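Reviewing the structure listed below.
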Amino acid sequence: MNSTTDTAFAVPDAAVCSGIVPATQPDRRPNEPTEAFVPREPESWEESGISPNEVSAIALRYLLSAGQATGRNIAEQLKLPFGLAQELLRSLKQQLFLQYHNTSVVGDFNYELTSQGQDRARRLSEHCTYCGSAPVAFDAYVASVRAQSFQFVRTRIAAVRHAYRDLLLSDAKLYQIGQAIGAARGLFLYGPSGNGKSSVAERLVRTVGDTIWIPRAISVAGEIIRLFDPSSHVEVQTPPRQQLITASRIDRRWVCVQRPTIVVGGELTLEHLDVIFNPSRGVNEAPLQLKSNGGVLVIDDFGRQRISASDLLNRFIVPLEKRFDLVSLPSGRQIQIPFDSMLVFATNLEPKQVFDDAFLRRLPYKISMTNPTTEEFRKLFESAALELGVRFDADCYDHLLVRHFTGKGRPFRFCHARDLVEQIRTLCEFHDVPPAMTPEAMDVVAHNYFAGL
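Each residue of the sequence shown is one higher than the one before, counting from 1 in my numbering.
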């Protein structure tokens, strides 16, 4: 990493960095909420924002699957206070959908479905089999996105340096990245494959380093949409600054997660940007841009998708400009959802090959991920060797350059150093010799790595 100080702008294209905010300025931006968003446990159905009828359907489907359960177990499944769950179960019993199987602990019972309740639960399951936590009202979710918006993040150069400390990036690149995060708008990363576009994109949220609250599921237009996805979201403990609110007072329908980074590549289709019904789970799945709210949405390997680049770009014009999107439900109804993701396009293609001028203007930050210089490439090799425990040898390194790079007119890539050093270590381990660079090892790994290229 370049040792230039935070206030020194030695590189000409870094002159645009005059917008970096001095440490003496306040951290809060205009219109930012003065208090951190924390979902409070509802004390009534009105506070919950959803109707008892909607939750009753979930409870009936759950009991159809479970057979029987205590009131406290049902409350835990619904992630609702025991008092609200008791009120709901009493109502279902009065409607002859439930009956007591036997008593449980004091003040609680084991519940099971009556025959009438089983018929009702089966009919409900034909439409939806979801039996997880009670959903959060859509309006409450929209308010939470606003309260935790990526637009309120104030990024400083020290945080950017720390987030990218394991990558060899110039100050000019770090300044561009920092400004793009501060603007929370579109970012375009382009350049030859292997120069760190994906690595840069995936580290963007590290410059923020905080958490957000998201609902496990939301209710919109009579449909339940599963939002929390363990494959996309990393659940964390309640942040220390919010621990003054005891766990019993936090609405358990919400999950505290790291700001998400959703990465999609050539598999992306327009269907992934609408609500999709998952038949195996019997529930509607949130689209990618909804899952990435409060974080980063990376369209990797752009231009290689199964849909045309123009169709994909046109799909994002409104979200980029208006910060909301229109998505379709499986029923065909369209709804407006908040778009609070930092949208990143990464491609090996030149900008003019995939973007027209109109769309390029909507991506205010464009960073060219160029090949490393000769000096940078050597630093990368030395750093990788040190990290992987391989003895670096200058003569062997020069042998590699002359025979497999400059001698063949092969350009350097940022990925080459680590990939080759890892192969050297594997080769040495296989032959049970100390991990070190030798001319023979360099030739073997270069032949393995560059064959066919």
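A virtual CB, placed ideally from N, CA and C, is assigned to each residue, including glycine.
Everything numeric in this text was worked out from a predicted model, so none of it was measured.
Going by DSSP in three states, alanine 85 sits in which element: helix, strand or coil?
Working through the sequence shown from its first residue, we reach residue 85 at position 85. Here alanine 85 sits in helix by DSSP.
If you scan the stretch 347-385 from start to end, which runs of the beta strand (DSSP E) of 3 or more residues do you find wholly inside it?
365-368
Under the rule that 16 or more other beta-carbon atoms within 10 Å means buried, what is alanine 385, buried or exposed?
On the sequence shown, position 385 is the one that residue 385 refers to. Buried, because 16 or more other Cβ atoms sit within 10 Å of the Cβ of alanine 385.
With a Cβ-Cβ cutoff of 8 angstroms, do threonine 347 and phenylalanine 302 count as a contact?
Taking the first residue of the sequence shown as 1, we reach residue 347 at position 347. Taking the first residue of the sequence shown as 1, we reach residue 302 at position 302. Yes, the Cβ-Cβ distance between threonine 347 and phenylalanine 302 is below 8 angstroms.
Would you identify the three-state DSSP class for glycine 278, choosing helix, strand or coil?
By 1-based counting over the sequence shown, the position of residue 278 is 278. Looking at the sequence shown, residue 278 is not glycine but asparagine. Correct three-state label for asparagine 278: strand.
Nearest-angstrom beta carbon gap, leucine 388 and arginine 425 [assumed within contact, 8 angstroms]:
Numbered from its first residue, the sequence shown carries residue 425 at position 425. Numbered from its first residue, the sequence shown carries residue 388 at position 388. Arginine 425 to leucine 388, Cβ: 5 angstroms. Contact.
Counting beta carbon pairs with one atom in the stretch 214-227 and one in the stretch 285-296, are three or more of them shorter than 8 angstroms?
yes
Buried or exposed by the 16-neighbour rule on C-beta atoms within 10 Å, applied to aspartate 300
Taking the first residue of the sequence shown as position 1, residue 300 is located at position 300. Buried, because 16 or more other Cβ atoms sit within 10 Å of the Cβ of aspartate 300.
Sequence-distant residues of its chain with Cβ nearer than 6 angstroms to leucine 80 (five each side left out)
Position 80 of the sequence shown, counted from the first residue, corresponds to residue 80. Cβ within range, chain order: Ala134.
For methionine 437 and phenylalanine 392, believed in contact at Cβ under 8 angstroms, the rounded distance
Residue numbering aside, residue 392 sits at position 392 when the sequence shown is read from its first letter. Residue numbering aside, residue 437 sits at position 437 when the sequence shown is read from its first letter. Confirmed, about 6 angstroms.
Segment contact flag, the stretch 37-44 with the stretch 116-125, C-beta cutoff 8 angstroms, min 3 pairs
no
Would DSSP call histidine 101 helix, strand or coil?
Counting from 1 along the sequence shown, the entry for residue 101 is found at position 101. Correct three-state label for histidine 101: strand.
Going by Cα to Cα distance, which pick from Arg156, Gln423, Arg413 is closest to leucine 481?
Summary: the structure shown does not reach residue 481, with the chain confined to residues 1 through 453, and so no result is reported for it.
Whole-Å CB distance - isoleucine 250 paired with threonine 238, under 8 angstroms assumed:
In the sequence shown, residue 250 corresponds to position 250, counting from 1. In the sequence shown, residue 238 corresponds to position 238, counting from 1. About 7 angstroms separates the two Cβ atoms, so the contact holds.
DSSP has asparagine 110 in a bridge; who is on the other side?
One-based indexing of the sequence shown puts residue 110 at position 110. Per DSSP, Thr70, Asn102.
So, does the stretch 257-272 touch the stretch 102-110, judging by three or more C-beta pairs under 8 angstroms?
no
Could you compute how far the alpha carbon of leucine 363 sits from the alpha carbon of glutamate 47?
Along the sequence shown, read from residue 1 onward, the residue named residue 363 stands at position 363. Along the sequence shown, read from residue 1 onward, the residue named residue 47 stands at position 47. Whole-angstrom Cα-Cα distance: 40 angstroms.
Return the residue from the list Leu312, Arg206, Ala446, Cys256 that minimises the CA-CA distance to cysteine 396.
Within the sequence shown, residue 396 is the residue found at index 396, counting from 1. Considering only alpha carbons, the answer is Ala446.
Name the two residues that bound the continuous alpha helix (DSSP H) containing tyrosine 141.
By 1-based counting over the sequence shown, the position of residue 141 is 141. Tyrosine 141 -> alpha helix (DSSP H) spans 138-147.
Would you tell me roughly how many angstroms separate the C-alpha atoms of arginine 252 and glutamate 375, rounded to the nearest one?
Against the sequence shown, residue 252 aligns to sequence position 252. Against the sequence shown, residue 375 aligns to sequence position 375. Those two C-alpha atoms are separated by around 53 angstroms.
Leucine 270 and isoleucine 307 closer than 8 angstroms at C-beta
Here residue 270 is taken as the residue at index 270 of the sequence shown, counted from 1. Here residue 307 is taken as the residue at index 307 of the sequence shown, counted from 1. In this structure, isoleucine 307 lies closer than 8 angstroms to leucine 270 by Cβ.
Locate the beta strand (DSSP E) running through threonine 261, then write down its first and last residues.
Position 261 of the sequence shown holds residue 261. Threonine 261 -> beta strand (DSSP E) spans 261-264.
Please list the segments of the beta strand (DSSP E) lying wholly inside the stretch 164-199, counting only runs of 3 or more residues, in order along the chain.
187-190
By the 10 Å Cβ neighbour count, where 16 or more other Cβ atoms means buried, how is serine 144 classified, buried or exposed?
Along the sequence shown, read from residue 1 onward, the residue named residue 144 stands at position 144. Under this definition serine 144 is a buried residue.
Environment of threonine 373 [buried if 16+ CB atoms lie within 10 Å]
Taking the first residue of the sequence shown as 1, we reach residue 373 at position 373. With fewer than 16 Cβ atoms within 10 Å of its Cβ, threonine 373 is classed as exposed.
With distances taken from CA atoms, which of Leu420, Leu204, Pro439 is nearest alanine 394?
Along the sequence shown, one-based indexing puts residue 394 at 394. Checking every option, the nearest Cα to that of alanine 394 belongs to Pro439.
Just mark proline 230 as buried or exposed, buried being the case when its beta carbon has 16 or more other beta carbons within 10 Å.
What you label residue 230 is simply residue 230 of the sequence shown in a count that begins at 1. Looking at its Cβ environment, which holds fewer than 16 other Cβ atoms inside 10 Å, proline 230 is exposed.
Which same chain residues end up closer than 7 angstroms to aspartate 419 when comparing Cβ atoms and leaving out the 5 residues on each side of it in sequence?
Residue mapping note: residue 419 aligns to position 419 of the sequence shown, counting from 1. Closer than 7 angstroms at the Cβ level, and outside the excluded window around aspartate 419, lie Tyr449.
CB-CB under 6 angstroms to glutamine 148, same chain, minus the five flanking residues each way: which ones, in chain order?
For this step, residue 148 is matched to residue 148 along the sequence shown. Closer than 6 angstroms at the Cβ level, and outside the excluded window around glutamine 148, lie Phe37, Ile212, Gly294.
Give the DSSP-derived three-state secondary structure of arginine 410 in the structure shown.
As a first step, residue 410 is located in the sequence shown; it is residue number 410 there, counting from the start. Looking at arginine 410 - three-state DSSP - the assignment turns out to be coil, as it is neither helix nor strand.
So, with DSSP's three-state summary, where would you put aspartate 325?
Counted from its first residue, the sequence shown places residue 325 at position 325. Here aspartate 325 sits in strand by DSSP.
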